Amino acid sequence: MLRGVRYPPPSNVIGLDGTTYHFSALDAGERLAGQIWSPKASTPTARLVAVVEALRAYSVSSTTQGAMALCRLALAVNPEGRRLTGRCT
Numbered sequence: 161m162l163r164g165v166r167y168p169p170p171s172n173v174i175g176l177d178g179t180t181y182h183f184s185a186l187d188a189g190e191r192l193a194g195q196i197w198s199p200k201a202s203t204p205t206a207r208l209v210a211v212v213e214a215l216r217a218y219s220v221s222s223t224t225q226g227a228m229a230l231c232r233l234a235l236a237v238n239p240e241g242r243r244l245t246g247r248c249t
């Protein structure tokens, strides 16, 4: 997923309203990092952003509903076409 955000957008793209998300990780000793501005809803990156936002909300006010929402969002990330399996109980 990080490989999809490692290149900046073309310099002729101007955004007026939105949020820039920065991601970083280590993969086999290689540092991966990138950013994306307001990812499109249908992309794996947007689903990851939804998980992060749900985790942030859950950390502020942990509820059973919040835990279930976080679990469902995490299972929906689906990086690189892989299907995550699990149940939210």
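To convert, note that position 50 of the sequence shown is 210 in our numbering; the numbers rise steadily by one, no gaps.
Quick reminder that beta carbons are idealized off the backbone N, C-alpha and C, glycines included.
All values reported here derive from a predicted model rather than from experimental measurement.
- Helix, strand or coil for A227, going by three-state DSSP, please let me know. Reduced to three states, the DSSP call for A227 is helix.
- Taking A206 as part of the alpha helix (DSSP H), name the residues at either end of that continuous run. Where A206 is concerned, the enclosing alpha helix (DSSP H) stretches over 204–220.
- Query: What distance in whole Å lies between the Cβ atoms of A236 and R207, which are believed to be in contact at a cut-off of 8 Å?
  - Reply: That pair is a contact at about 5 Å.
- Item | Classification of L230 by the beta-carbon crowding that lies within 10 angstroms, buried from 16 upward | Under this definition L230 is a buried residue.
- DSSP on A234, reduced to helix/strand/coil? If DSSP states are grouped into helix, strand and coil, A234 belongs with the helices.
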